[in-house]
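Asks:
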Amino acid sequence: MRLEPSGRWHISILVDDDTVKPLPQSEKSVGVDVGIAYLAITSDGEKAENPRHLTKHYKRLRRAQKALSRKMKGSRNREKARRKVAKIHEKIKDSRSDYLHKLTTRLVRENQTVVVEDLSVKGMVRNPKLAKHISDCAWGEFVNQLDYKCQWYGRTLVKVDKWFPSSKLCSSCGHKADSMALDVREWTCPKCGADHDRDINAARNLLAVGHTVTACGASVRLEGHCSREQLRKTRKGKKQEPKS
Ligand SMILES: [Zn+2]
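For reference, each letter of the sequence shown is one residue, going 106 to 349 in the working numbering.
#1: Is R107 helix, strand or coil by DSSP?
#2: Mind checking whether V221 and V248 have CB atoms under 8 Å apart?
#3: Given 7 Å as the limit, tell me if S277 has its C-beta closer than that to any heavy atom belonging to ligand 1.
#4: At 4 residues or longer, what runs of the alpha helix (DSSP H) sit wholly inside the region 130-192?
#5: Whole angstroms is fine: what's the gap from A145's alpha carbon to W114's?
#6: Is DSSP giving H301 helix, strand or coil here?
#7: Comparing alpha-carbon positions, which option in N310, P127 and A299 lies nearest N216?
#8: Starting from the C-beta of C255, find all residues in its chain whose C-beta is less than 7 Å away, skip the five residues before and the five after it, and write them out in chain order.
#9: If I follow the unbroken alpha helix (DSSP H) through L251, where does it start and stop?
What follows is the structure in structure tokens.
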């Protein structure tokens, strides 16, 4: 049992839960691209809203933090103000977590294989302009939930190396664009003429790589993060490249 800064008690109970059983096999697989405007964009063309809980609560949080900084150290009012700040943080955490759980559970239930890009979130958070948005999106938590839920339900999570050019490839013909500026949201392939939504196209490319990996062993360099099922499959097939 742990007392949280907000004054709420946190109780963890360890349960050996055998109600979590692998789900029946699904015929479907999905590629998921993560973003800022939308938290997740799937190869099916679905765009999951970024809840932006932090943005919503940000003003309240700032006000509470300022009030706290004005209170005298050691005073009762300071303690009250501190608790208020902690409560807002907690609210943000709760609503974000609830949203993420619903989304990841659905993705894992519906699909046998989920393919995501392996993001170096920490590196990106060092860019201060993007930092607030990115921590708000909680990409790390999103992938983490997909990871353990895939293990629970007998699904496979494939993490594709972040250097794979998912945005630059045409998912229809495989043509690779030389560059793709971040503000290009839609583009037309110069080779086959296909019109692409940037994020959906990227998600489709991720899915295609995921298929390659599950079908013939890891021919694309992966960060070596697979469920047991996936590892068993790849061991039978081609030799996997060593973990980086
Ligand atoms: Zn094309």
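Positions of the beta carbon are idealized from the N, C-alpha and C atoms, including for glycine. The model shown is predicted, which means the values in this text are computed figures rather than measured ones.
Replies: On the basis of the data shown:
#1: Locating residue 107 in the sequence shown gives position 2, where the first residue counts as 1. Of the three classes helix, strand and coil, the one that applies to R107 here is strand, per DSSP.
#2: In the sequence shown, the residue the question calls residue 221 occupies position 116. In the sequence shown, the residue the question calls residue 248 occupies position 143. Using a Cβ distance threshold of 8 Å, V221 and V248 count as a contacting pair.
#3: Translated into the one-based positions of the sequence shown, residue 277 becomes position 172. Yes.
#4: Entirely contained in the region 130-192, the alpha helix (DSSP H) runs reaching 4 residues are, in chain order, 158-175.
#5: Reading the sequence shown from its first residue, position 40 is the one you call residue 145. Reading the sequence shown from its first residue, position 9 is the one you call residue 114. Cα to Cα, A145 sits roughly 32 Å from W114.
#6: The residue you call residue 301 lines up with position 196 of the sequence shown. Looking at H301 - three-state DSSP - the assignment turns out to be strand.
#7: Within the sequence shown, residue 216 is the residue found at index 111, counting from 1. Ranking N310, P127 and A299 by CA distance to the CA of N216 puts P127 first.
#8: In the sequence shown, residue 255 corresponds to position 150, counting from 1. Once the five neighbours on either side are set aside, the close Cβ partners of C255 are V213, V219, T261, L262 and S332.
#9: Stepping through the sequence shown from its first residue, residue 251 is reached at position 146. W244 to Y258 is the span of the alpha helix (DSSP H), which, as asked, contains L251.
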